[in-house]
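What follows is a short report on a single structure.
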Amino acid sequence: MAPVTRPVINPVPGARRSFPLFKAGLWRWVILIVAGMYFLLPLYAAIRFAGIKAYGDLIGASGFTSALWLSVRLAIITTLITLALMLPTTVYVHLKLPGLRRLLESLTILPIVIPPVVLATGLLQVAPASLKNTPYILALEYVVLAMPFAYRTIDAGLRALDLKTITEASSSLGAGWTRTLTQVVLPNLTTALLAATVLTVAMVLGEYTISSLALYTTFPVWLVTNDQSSATVTVAGSVFALFITWLVLLIITVAGTRRGRRTGRQVSLFTVARQDNRG
Amino acid sequence: MTMETTPQTGTAASSLSAGGASGGASVRLDGLTRRFGTVRALDGLSLNIAPGELVALLGPSGCGKTTALRLVAGFDFPDAGAVLIDGTDISRIPAAKRGMGMVFQSYSLFPNMPALDNVAFGLRMRKIGGTERRQRAAELLDMVGLSAQAKQYPHQLSGGQQQRVALARALAIEPRVLLLDEPLSALDAKVRLQLREQIRTLQQRLGTTTLFVTHDQEEALSMADRVGVMNKGQLEQIDAPDELYARPATAFVAEFVGVMNRIPGVLESPEAVRVLDVVVPVKGSSSSVAGSSMVDVLVRPEGLIVDVTENGNGIVTTRTFLGSVTRLGVLLSGDVRIRVDKPSTVAASIPPGTSVSVTLPSAPVLVAPPAS
Amino acid sequence: MDQTATAPEPVTGSGAGPVPADQAGTASTVTEVVRWLRRVAGVVPFAAYLALGMLIPMIAVIIGAFRADNGSFTLSNVKMATHGVYLHGYWESISLSIWASVLPAIFGLLIAYAIFTAKRGSVLRQLVITTSGVFANFGGVPLAFLFIASLGSGGLLTGWIQDIFPHSWDGSQLYTLSGIVLVYMYFQVPLMVLVILPGLEGLRTSWREAAENLGATSLQYWRHVGGPVLLPTFMGCLLLLFGSSLSAYATAEAMTSGTIALTSIQIGTFINGNVLAGEVNVGKALSLGLVLIIAVAMAFYVILQRRASRWLR
């Protein structure tokens, strides 16, 4: 009966895992290594294929600068319109019409579900010629495509904020409406707004369907048309595009981890993932 | 409502105890040790639980109580030591085959099953036929007073109801040992109190040996036959609740269980200490404070004598009404703050600002090294 | 307190309630409408923009689908869009989308599970999530070129494979249906990882432990608890992947030039290709068909979702 100190009882190998189905975690490494090869080998091959020289040629290639510049301009305009439209709307709905939030959520799903090629068909049918003659028609339509990202990120940011309490606290302290909005709400939304901006920019820089159908040479369209003249430069351009995507996401991640709420982060990753549709 | 359910409750319980060989198994923890990296979460825990007994493990978070419970349940395995049920070492048996019922902190009900199916789950895993299974599950739901909620999904139940279903689910398999992992901590005070009594009543009626882990001393003291206080992976003391309160073995237990005052004193000898100008005997030994004559004397708020006098050694600073007693905050000379409980009728005439004299009866006291 | 708070209630109730259409009632209905309009005013710009940018183009597509070149009503567009090469295009699109959603869903789930069971906050986990973010986002033209440069004819990897297994992969397979599935997986798998991970993380440890405690094996846990709980999320992800590959355009265009008929590409050719007389609006009929496929998929999803998540409501 005396408390004998037993020798170390080591359970049967693997018994420490409560579910013995996948022992030792070997399966995990098999999956991840296969996945890693699938994702990295094509990338490696593409970089090798293009060669160092192609990256230099890329910058000098005819049309590259103007195509990139067009994409950048479109990105800036789209972002400005999107934020100007979606920020007040989302804040307003949160404060005054919370009952409409569900409806708005479903409405902003539509641009995700409707294939961009369908949207392009309709747009080119109804748009007046004066609008079709300027590339900025793209920016106007991209706003529709950016709405889902913008709404979701701003909505998540506002939810994390408990907007109602904040605005009530602010007005109870004597702050007016504009003051509350600019000095209390906005500073707390910087992460959400940054995420929305970055997502919109990424979307515009990668959008191909509508711009190619509307016959404007944005950066992705240029890649395709240039393919005929030099394959290596095109592949270099593709790697360049991947690098830009990576950079853009890095910004989100850094901004998100610096002061991000979990909800906001998840939503932003989710919406990032939606961008491929537009490509 | 109660009138209606009581007779049924009786039948349910009797049919259960008649049908099952559950009753009480004895539990023995023998030198249980579990390391996480360099941290010893459990450091040679030994403990015997008699058949049908309810033992609570009480301690601050990180004291190892939950680790101990998980080792008994089989979710984790000890680095050394053994768990014995009725004298059989079960340390190597996987959790699924141990036949222990466990109630988790919260949200452990399967969200995709109504209450009845949750309760029946363990029976289903034991390949018990549908009719019998449902009948026994219904009996158990009845026993916890939730017959009407049988078809409801967990998210439609209140927190208290969910935990009652979880209790029924754990009891359905007629466990040899019932394990409770802070089952009440997520509930609000009133529900907690009701459920506390319900668990205790059921446990006593079924005679199921129960190990209960909590950080809430009130819960432990009110429910358990014996309470084990844990600190840093070790058992400091295990005793009946009243013993634990009245005769704490160590300073840690004394301060963890109930409210305790620390008053500076000087050791006159290993057996006597001078405090508040009286000399009182030291309880147990003063070995824990060996090497220093400066100590803290530990006294409960109701263990102090307070009289209203001019130029006393203390001044009443606060007065908190707690029902039958009122707690006075007293500032002693030397910037020592203590709490004293007086019957509320007496305390009514001692408003803050009153000068009082505070002293001790000559009963033995616990001493501890001075707080830094 | 309570009384003063509730006092105004009946007053408003009698004013705006179902009073017969006497003058007071009409007046209050009017003020109700005005008040409602004023409240809704804040979302008018958004609604207007959405109408101009999405609703009107969509309506144009639907109307156009039933119009002949001269503007009169016709069913010939729809008839043409559901026959021959276009019907074939729908089937190709649907089967491609099914393959390119089911396979990535399975692989994505496996990868997500692999990192879900890894230690929380570990480097591996962080790495997989961030990488998924990048690759899920990497669709379109660059992706096509990435694969053409590596696994197309003359691609670097194709060369390696040829060295080891001479008569297996020569690059031409890249332009077949299975080749495109392989390419789509490049963004579909990471997308799946990202969207299923929150669902996996929603599975509480206490459910697994409770099941284990009650005697369930790993398989039984997944069959009775983990699987059913994850199912609605999984189906949502599947729908997302399906829609994503159905509407993918750029990758498809760059890769399938002529080899495979996909509806989205066919629609594109109607916009600025050389369209034959009498077929001007066939592209719109095709678009309508594509929207209907998505609608059917969503309806399917809603029905299944309802059945799978009875316990949520």
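Residue numbers (this note's numbering), protein chains in the order written: chain F, 1 to 279; chain Y, 1001 to 1372; chain R, 2001 to 2313.
Beta carbons: idealized from backbone N, C-alpha and C, even for Gly.
Discussion item. Rounded to whole angstroms, what is the Cα-Cα separation between G1159(Y) and T178(F)?
Written reply: Indexing the second sequence from 1 puts residue 1159(Y) at position 159. Indexing the first sequence from 1 puts residue 178(F) at position 178. Spanning the alpha carbons of G1159(Y) and T178(F) requires a straight line of approximately 42 Å.
Practice prompt. Quick one: residues in its chain with C-beta nearer than 7 Å to the C-beta of V239(F), no 5 flanking neighbours on either side, listed in chain order?
Written response: Position 239 of the first sequence, counted from the first residue, corresponds to residue 239(F). Closer than 7 Å at the Cβ level, and outside the excluded window around V239(F), lie A46, I47 and A50.
Discussion item. Applying the 10 Å Cβ sphere with the 16-neighbour rule, what's the burial state of Y2301(R)?
Written reply: Counting from 1 along the third sequence, the entry for residue 2301(R) is found at position 301. Label assigned to Y2301(R): buried.
Discussion item. If you reduce the DSSP assignment to three classes, tell me which class A1056(Y) lands in.
Written reply: Locating residue 1056(Y) in the second sequence gives position 56, where the first residue counts as 1. Judged by DSSP in its simplified three-state form, A1056(Y) adopts strand.
Worksheet item: Going straight from the alpha carbon of V1336(Y) to that of A1249(Y), what length do you get?
Response: Taking the second sequence and counting its residues from 1, the one referred to as residue 1336(Y) is at position 336. Taking the second sequence and counting its residues from 1, the one referred to as residue 1249(Y) is at position 249. Those two C-alpha atoms are separated by around 24 Å.
Discussion item. As a quick exercise: from G2159(R), V2189(R) and W2160(R), pick the residue whose alpha carbon is nearest that of A1948(R).
Written reply: Nothing about residue 1948(R) can be reported from this structure: the residues present for chain R run from 2001 to 2313 only.
Practice prompt. Quick one: give me the first and last residue of the beta strand (DSSP E) that G1265(Y) is part of.
Written response: Taking the second sequence and counting its residues from 1, the one referred to as residue 1265(Y) is at position 265. Here the beta strand (DSSP E) through G1265(Y) covers N1261 to S1269.
Worksheet item: So what does DSSP say about R1126(Y), is it helix, strand or coil?
Response: Position 126 of the second sequence holds residue 1126(Y). It is coil, neither helix nor strand.
Discussion item. Is W27(F) close to the ligand FMN? I mean its beta-carbon at under 7 Å from any heavy atom of the ligand.
Written reply: With respect to the ligand FMN, the structure offers nothing, as it holds no ligand at all.
Item to complete: Output, in chain order, the set of chain R residues within a Cβ distance shorter than 7 Å of P1111(Y).
Response: The residue labelled residue 1111(Y) in the question sits at position 111 within the second sequence. Neighbours of P1111(Y) on chain R, chain order: V2229 and W2311.
Practice prompt. Can you tell me which of L2096(R), R2306(R), A2261(R) and A2299(R) puts its alpha carbon nearest to the alpha carbon of L2231(R)?
Written response: Position 231 of the third sequence holds residue 2231(R). Selected option, being the one with the closest Cα: R2306(R).
Fill in: Proximity winner among T180(F), L40(F) and S71(F), relative to A202(F) (alpha-carbon distances)
Against the first sequence, residue 202(F) aligns to sequence position 202. A202(F) has its Cα closest to that of S71(F), out of T180(F), L40(F) and S71(F).
Item to complete: Please report the Cβ distance between Q1162(Y) and L1109(Y), rounded to the nearest whole angstrom; I am assuming they are in contact, meaning their Cβ atoms lie under 8 Å.
Response: Numbered from 1 along the second sequence, position 162 holds the residue referred to as residue 1162(Y). Numbered from 1 along the second sequence, position 109 holds the residue referred to as residue 1109(Y). Yes, Q1162(Y) and L1109(Y) are in contact; Cβ-Cβ is about 6 Å, under 8 Å.
Worksheet item: For S172(F), which residues in chain R fall below 8 Å Cβ to Cβ?
Response: The residue you call residue 172(F) lines up with position 172 of the first sequence. Near S172(F) there are no residues of chain R at all, since even the closest Cβ is about 18 Å away, more than 8 Å.
Worksheet item: Taking Cβ-Cβ distances shorter than 8 Å, what residues in chain R pair up with Q125(F)?
Response: The count along the first sequence starts at 1 and reaches residue 125(F) at position 125. Result: P2057, A2060, V2061, G2064 and K2284.
Practice prompt. Could you name the residues of the same chain whose beta carbon sits closer than 8 Å to that of G1323(Y), not counting the 5 residues immediately before and after it, in chain order?
Written response: Walking along the second sequence from the start, residue 1323(Y) turns up at place 323. Excluding positions up to five away in sequence, the list reads S1344.
Worksheet item: Quick one: what does DSSP say P1343(Y) is sitting in, helix, strand or coil?
Response: Residue numbering aside, residue 1343(Y) sits at position 343 when the second sequence is read from its first letter. P1343(Y) falls in the strand class under three-state DSSP.
Item to complete: Ignore the nearest five residues each way along the sequence and tell me which others in R1040(Y)'s own chain have a CB closer than 6 Å to its CB.
Response: Numbered from 1 along the second sequence, position 40 holds the residue referred to as residue 1040(Y). Once the five neighbours on either side are set aside, the close Cβ partners of R1040(Y) are G1233.
Worksheet item: Which bits of chain R does G1122(Y) rub up against, with CB to CB less than 7 Å?
Response: Translated into the one-based positions of the second sequence, residue 1122(Y) becomes position 122. By Cβ distance, chain R contributes L2214 and G2215.
Discussion item. Suppose you measure from the CA of P1370(Y) to the CA of S1222(Y); what does that come to, to the nearest Å?
Written reply: The sequence position of residue 1370(Y) within the second sequence is 370, counting from 1. The sequence position of residue 1222(Y) within the second sequence is 222, counting from 1. Their backbone Cα atoms lie some 31 Å apart in a straight line.
Worksheet item: Would A2308(R) be called buried (16 or more neighbouring beta carbons within 10 Å of its own) or exposed?
Response: On the third sequence, residue 2308(R) is found 308 positions in, with the first residue counted as 1. The C-beta of A2308(R) has 16 or more other C-beta atoms within 10 Å across all chains shown, which makes the residue buried.
Worksheet item: How many angstroms separate the CA atom of R1339(Y) from the CA atom of M1102(Y)?
Response: Numbered from 1 along the second sequence, position 339 holds the residue referred to as residue 1339(Y). Numbered from 1 along the second sequence, position 102 holds the residue referred to as residue 1102(Y). The C-alpha of M1102(Y) is placed about 39 Å away from the C-alpha of R1339(Y).
Discussion item. So if I threshold CB-CB distances at 7 Å, which residues from the segment 2113 to 2140 of chain R count as touching chain Y?
Written reply: Taking 7 Å as the Cβ-Cβ cut-off against chain Y, none of the residues of the segment 2113 to 2140 of chain R qualify.
Practice prompt. Take the Cβ of I2267(R) as the centre, count every other Cβ of all protein chains shown within 10 Å, and call the residue buried at 16 or more, exposed below.
Written response: Walking along the third sequence from the start, residue 2267(R) turns up at place 267. Classification for I2267(R): buried.
Worksheet entry | CA nearest to the CA of V1177(Y), picked from V1144(Y), A1095(Y), Q1198(Y) and V1191(Y) | Mapped onto the second sequence, residue 1177(Y) falls at position 177. Considering only alpha carbons, the answer is A1095(Y).
Worksheet item: Checking contacts by CB at 8 Å: is T218(F) closer than that to chain R?
Response: What you label residue 218(F) is simply residue 218 of the first sequence in a count that begins at 1. Cβ-Cβ to chain R under 8 Å: no for T218(F).
Discussion item. Does chain Y have any CB closer than 8 Å to the CB of A2248(R)?
Written reply: Locating residue 2248(R) in the third sequence gives position 248, where the first residue counts as 1. No, its Cβ sits nowhere closer than 8 Å to a Cβ of chain Y.
Fill in: Within-8 Å CB hit, G1019(Y) to chain R
By one-based count along the second sequence, residue 1019(Y) stands at place 19. Confidence at G1019(Y) is low in this model, with a pLDDT of 36, below 50, so its placement is unreliable and no value can be given for it.
Fill in: Closest residue to F2238(R) among V2102(R), V2181(R) and V2229(R) (Cα-Cα distance)
For the purposes of this step, residue 2238(R) is identified with residue 238 of the third sequence, where counting begins at 1. For clarity, residue 2238(R) is Leu in the given sequence; the question names Phe instead. The candidate whose alpha carbon is nearest that of L2238(R) is V2102(R).
Worksheet item: From F1321(Y) to R1327(Y), what distance separates their C-alpha atoms?
Response: Translated into the one-based positions of the second sequence, residue 1321(Y) becomes position 321. Translated into the one-based positions of the second sequence, residue 1327(Y) becomes position 327. Answer to the nearest angstrom: the Cα atoms are 6 Å apart.
Worksheet item: Which residues in the same chain as G1020(Y) place their Cβ atom closer than 6 Å to its Cβ, once the five residues preceding and following it in sequence are excluded?
Response: Start at 1 with the first residue of the second sequence, and residue 1020(Y) comes out as number 20. Here G1020(Y) scores only 39 on pLDDT, less than 50, and its place in the model is too uncertain to base an answer on.
Discussion item. Spatial neighbours of L2127(R) within its chain, please: C-beta separation below 8 Å, excluding the five flanking residues on both sides.
Written reply: Your numbering for residue 2127(R) matches position 127 in the third sequence. Once the five neighbours on either side are set aside, L2127(R) has no close Cβ partner at all.
Worksheet item: Closest Cβ-Cβ distance between I251(F) and chain R: below 8 Å?
Response: Your numbering for residue 251(F) matches position 251 in the first sequence. No, I251(F) does not count as interfacial toward chain R.
Discussion item. Less than 8 Å between C-beta atoms, sequence neighbours within five positions excluded: which residues of the same chain meet that for M2185(R)?
Written reply: One-based indexing of the third sequence puts residue 2185(R) at position 185. Correct list, in chain order: A2100, L2103, P2104 and F2107.
Practice prompt. Sort R1196(Y), V1257(Y), Q1152(Y) and P1352(Y) by Cα distance to P1060(Y) and report the nearest one.
Written response: Taking the second sequence and counting its residues from 1, the one referred to as residue 1060(Y) is at position 60. Nearest option by C-alpha distance: V1257(Y).
Worksheet entry | Near-chain R residues of the segment 125 to 142 of chain F - C-beta to any C-beta below 9 Å | Those residues of the segment 125 to 142 of chain F that come within reach of chain R (Cβ to Cβ, closer than 9 Å) are Q125, V126, A127, L140 and E141.
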